[in-house]
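What follows is a single structure, written as structure tokens, with notes after it.
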Amino acid sequence: MLTTKQNFLETIHGGNPDRFVNQYEYLQLVGTPISANQPRPKKGGEPVMDAWGVTRSFPENVPGPFPVHTPEKIVIKDIENWRDYVKVPSVKFDDDAWGPFIEMANKVDKNEKFVAVMEAPGIFEQSHYLCEIQNTLMYFYTNPDELKEVYEMITDYEYAMAEEICSHLHPDAVFHHDDWGSQQSTFISPDMFREFIKPCYEKVYGYYKQHGVELIVHHSDSYAATLVPDMIDMGIDVWQGVMRTNNIKDLIDKYGGKISFMGGIDSASVDHDGWSREEIIREVRRSCDEFGSKYYIPCTSQGGPDSVYPGVYQVVSEEIDNYSKEYFK
Numbered sequence: 357m358l359t360t361k362q363n364f365l366e367t368i369h370g371g372n373p374d375r376f377v378n379q380y381e382y383l384q385l386v387g388t389p390i391s392a393n394q395p396r397p398k399k400g401g402e403p404v405m406d407a408w409g410v411t412r413s414f415p416e417n418v419p420g421p422f423p424v425h426t427p428e429k430i431v432i433k434d435i436e437n438w439r440d441y442v443k444v445p446s447v448k449f450d451d452d453a454w455g456p457f458i459e460m461a462n463k464v465d466k467n468e469k470f471v472a473v474m475e476a477p478g479i480f481e482q483s484h485y486l487c488e489i490q491n492t493l494m495y496f497y498t499n500p501d502e503l504k505e506v507y508e509m510i511t512d513y514e515y516a517m518a519e520e521i522c523s524h525l526h527p528d529a530v531f532h533h534d535d536w537g538s539q540q541s542t543f544i545s546p547d548m549f550r551e552f553i554k555p556c557y558e559k560v561y562g563y564y565k566q567h568g569v570e571l572i573v574h575h576s577d578s579y580a581a582t583l584v585p586d587m588i589d590m591g592i593d594v595w596q597g598v599m600r601t602n603n604i605k606d607l608i609d610k611y612g613g614k615i616s617f618m619g620g621i622d623s624a625s626v627d628h629d630g631w632s633r634e635e636i637i638r639e640v641r642r643s644c645d646e647f648g649s650k651y652y653i654p655c656t657s658q659g660g661p662d663s664v665y666p667g668v669y670q671v672v673s674e675e676i677d678n679y680s681k682e683y684f685k
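Plus 356 on top of the position in the sequence shown (first one is 1) and you've got the working numbering.
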């Protein structure tokens with residue numbers, strides 16, 4: 357029987373896995389003092405202002421915290437003078453602060469799992485956290501020069517963070533969030549993405565790859581099929597959160613071997629009030645039968661090993677294991 361890590365590598369390289377990779381089993385997420393010192397709202401609790409000055413809330417029955425964008429809470433109130441509003445958080449922490457996280461990483465069995473850091477929000481998300489989503493989308497047209505400056509500032513922050521993470525923690529993998537679209541379309545055209553966003557990730561992901569990170573897993577639970585060639589250029593190894601609206605089978609046939617796809621079980625189809633094991637069994641089997649075992653990892657589309665409704669993630673994992681026993685006889 358292959359180890360968890362070996363089975364994952366067989367899957368993304370189009371080899372001979374002996375079972376389906378089960379959701380996030382191949383990643384061991386380890387924190388950093390950078391993320392640990394970022395104020396975060398509690399689920400169902402009061403809104404909290406983070407280190408960027410963004411106020412976020414975490415309502416019940418949603419996947420994660422969201423920015424609060426009432427007019428007085430929007431950070432960048434004037435894009436032409438954005439520097440007057442933004443204070444970039446520090447990524448510098450002393451060795452004592454890094455110690456517990458280094459210890460945690462050192463305890464991971466690297467024969468079984470990749471030591472991974474998680475970064476969220478992503479570069480595009482951080483821009484609309486600061487500016488508000490509708491404003492940001494308009495700025496691509498009305499204030500492209502200023503918006504590019506904002507992206508340069510966010511990229512410099514992520515690059516500095518990458519330097520600290522690689523020099524202290526030496527992770528094997530990075531699990532990075534950045535939603536690039538709705539369920540039906542990308543937020544901006546592929547050409548605009550290539551002009552504004554792609555260079556940012558080529559710089560940040562390029563740094564990680566040049567400093568010992570083997571695996572880039574990028575989360576975007578959205579339509580982003582038109583951006584897959586750019587994901588490959590940026591160094592993404594696994595697109596996590598890929599939803600069924602992306603025609604996953606066609607993507608596997610076209611791009612398998614250059615990138616792998618993790619998702620195929622849209623969270624909304626199983627992770628809801630009144631969920632049942634029966635519908636999870638149906639969705640797990642459908643996805644595995646439809647997309648196969650090469651370049652595909654069955655997983656809910658949510659960006660982490662969890663679910664909105666208690667028990668859903670665990671039951672999805674159980675049923676993936678159960679179906680593996682039949683599929684790989």
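Beta carbons: idealized from backbone N, C-alpha and C, even for Gly.
Discussion item. Let's see if you can read the secondary structure: which residues bound the alpha helix (DSSP H) around G455?
Written reply: In the sequence shown, the residue the question calls residue 455 occupies position 99. Counting along the chain, the alpha helix (DSSP H) containing G455 begins and ends at D451 to N462.
Worksheet entry | Own chain partners of S686 with C-beta closer than 8 Å, once the 5 adjacent residues on each side are dropped | No statement about residue 686 is possible, as the shown extent of the chain runs from 357 to 685 and does not include it.
Worksheet entry | Nearest candidate by alpha-carbon position, reference V377, set V626, G568, C655 and K429 | The sequence position of residue 377 within the sequence shown is 21, counting from 1. Ranking the options by Cα distance to V377, first place goes to C655.
Fill in: Alpha-carbon to alpha-carbon, E459 and K466
As a working note, residue 466 is residue 110 in the sequence shown. As a working note, residue 459 is residue 103 in the sequence shown. Going from the Cα of K466 to the Cα of E459 covers about 14 Å.
Discussion item. Could you compute how far the alpha carbon of G591 sits from the alpha carbon of Y561?
Written reply: Here the question's residue 591 lines up with position 235 in the sequence shown. Here the question's residue 561 lines up with position 205 in the sequence shown. Those two C-alpha atoms are separated by around 6 Å.
Practice prompt. State the Cα-Cα distance for the pair A624 and H533, rounded to the nearest angstrom.
Written response: Working through the sequence shown from its first residue, we reach residue 624 at position 268. Working through the sequence shown from its first residue, we reach residue 533 at position 177. Each residue's Cα considered, the two are about 19 Å apart.
Discussion item. For Y513 and K605, I'd like the C-alpha separation in whole angstroms.
Written reply: By one-based count along the sequence shown, residue 513 stands at place 157. By one-based count along the sequence shown, residue 605 stands at place 249. Their Cα atoms are separated by approximately 36 Å.
Discussion item. Among I653, V424, C644 and G387, whose alpha-carbon lies nearest the alpha-carbon of A476?
Written reply: The residue you call residue 476 lines up with position 120 of the sequence shown. Comparing Cα-Cα distances from A476 to each of I653, V424, C644 and G387, the minimum goes to G387.
Practice prompt. Closer than 6 Å by C-beta to Y557: which residues in its own chain qualify, once you throw out the five before and the five after it? Chain order, please.
Written response: Walking along the sequence shown from the start, residue 557 turns up at place 201. Correct list, in chain order: M590.
Worksheet item: Using the beta-carbon count (16 or more within 10 Å), is K685 buried or exposed?
Response: What you label residue 685 is simply residue 329 of the sequence shown in a count that begins at 1. It is exposed - the Cβ of K685 has fewer than 16 other Cβ atoms within 10 Å.
Discussion item. For H524 and F531, I'd like the C-alpha separation in whole angstroms.
Written reply: For the purposes of this step, residue 524 is taken as the residue at position 168 of the sequence shown. For the purposes of this step, residue 531 is taken as the residue at position 175 of the sequence shown. Near 17 Å, if we compare the C-alpha coordinates of F531 and H524.
Worksheet item: What is the residue span of the beta strand (DSSP E) that V431 lies within?
Response: Against the sequence shown, residue 431 aligns to sequence position 75. Where V431 is concerned, there is no enclosing beta strand (DSSP E), given that its DSSP letter is neither H nor E.
Fill in: Beta-carbon proximity of V442 to V431, cut-off 9 Å
Residue 442 sits at position 86 when you count from the first residue of the sequence shown. Residue 431 sits at position 75 when you count from the first residue of the sequence shown. Taking 9 Å as the Cβ cut-off, V442 and V431 qualify as a contacting pair.
Discussion item. If you measure between the beta carbons of G370 and G568, is that distance less than 9 Å?
Written reply: Numbered from 1 along the sequence shown, position 14 holds the residue referred to as residue 370. Numbered from 1 along the sequence shown, position 212 holds the residue referred to as residue 568. In this structure, G568 does not lie closer than 9 Å to G370 by Cβ.
Worksheet item: Between the region 627–639 and the region 596–604, do three or more beta carbon pairs fall short of 8 Å?
Response: no
Worksheet item: Identify the residues that DSSP records as bridge partners of E475: which are they?
Response: Mapped onto the sequence shown, residue 475 falls at position 119. Looking at the DSSP assignment, E475 forms a beta bridge with H532.
Worksheet item: Considering only C-alpha positions, which residue in the set F647, I615, H575 and A407 is nearest to Y380?
Response: Locating residue 380 in the sequence shown gives position 24, where the first residue counts as 1. Out of F647, I615, H575 and A407, H575 has the C-alpha closest to the C-alpha of Y380.
Worksheet entry | V418 burial status per 10 Å Cβ neighbour count (16 or more: buried) | Residue 418 sits at position 62 when you count from the first residue of the sequence shown. Answer is exposed; the Cβ neighbour count stays below 16.
Worksheet entry | Simplified DSSP state of S625, which is helix, strand or coil | Within the sequence shown, numbered from 1, the residue matching residue 625 stands at position 269. The answer is helix: DSSP assigns S625 an H, G or I state.
Worksheet item: What distance in whole Å lies between the Cβ atoms of I521 and V473, which are believed to be in contact at a cut-off of 8 Å?
Response: Position 117 of the sequence shown, counted from the first residue, corresponds to residue 473. Position 165 of the sequence shown, counted from the first residue, corresponds to residue 521. So it is a contact: roughly 6 Å between Cβ atoms.
Worksheet entry | For Y652 and G620, believed in contact at Cβ under 8 Å, the rounded distance | Stepping through the sequence shown from its first residue, residue 620 is reached at position 264. Stepping through the sequence shown from its first residue, residue 652 is reached at position 296. Yes, they are in contact, since the Cβ atoms of G620 and Y652 sit about 7 Å apart, within 8 Å.
Worksheet entry | Presumed contact (8 Å Cβ cut-off) between F414 and K399, rounded CB distance | As a working mapping, residue 414 is identified with position 58 in the sequence shown. As a working mapping, residue 399 is identified with position 43 in the sequence shown. Right, the Cβ-Cβ distance comes to about 5 Å (below 8 Å), so this counts as a contact.
Worksheet item: By how many angstroms is the C-alpha of N499 removed from the C-alpha of A461?
Response: For the purposes of this step, residue 461 is taken as the residue at position 105 of the sequence shown. For the purposes of this step, residue 499 is taken as the residue at position 143 of the sequence shown. Taking the straight line joining both Cα atoms gives about 43 Å.
Worksheet item: Where does V471 land, buried or exposed, given buried means 16+ other C-beta within 10 angstroms?
Response: To locate residue 471, count along the sequence shown from 1; it is residue 115. Per the 10 Å Cβ criterion, buried.
Worksheet item: How would you label A580, buried or exposed, when you count the other beta carbons within 10 angstroms and need 16 or more for buried?
Response: Start at 1 with the first residue of the sequence shown, and residue 580 comes out as number 224. Result: buried.
Worksheet item: What residues in its chain sit with their C-beta under 8 Å from that of I479, if we drop five residues either side in the sequence?
Response: As a working mapping, residue 479 is identified with position 123 in the sequence shown. For I479, where only same-chain residues beyond five positions count, the Cβ hits under 8 Å are Y507, I510, T511, E514, D534, I553, C556, Y557 and V560.
Worksheet item: Under 9 Å between the Cβ atoms of W536 and L486?
Response: Looking up residue 536 in the sequence shown gives position 180. Looking up residue 486 in the sequence shown gives position 130. Contact: no.
Discussion item. For D662 and Y669, what's the separation of their Cα atoms in angstroms?
Written reply: Stepping through the sequence shown from its first residue, residue 662 is reached at position 306. Stepping through the sequence shown from its first residue, residue 669 is reached at position 313. Cα to Cα, the separation comes out at about 6 Å.
Discussion item. Closest to M527 by C-alpha separation, out of G648, K565, R396 and I435, would be which residue?
Written reply: The residue labelled residue 527 in the question sits at position 171 within the sequence shown. Before going on, a small fix: residue 527 reads as Pro here, not Met. Of the listed residues, the one whose Cα sits closest to P527 is K565.
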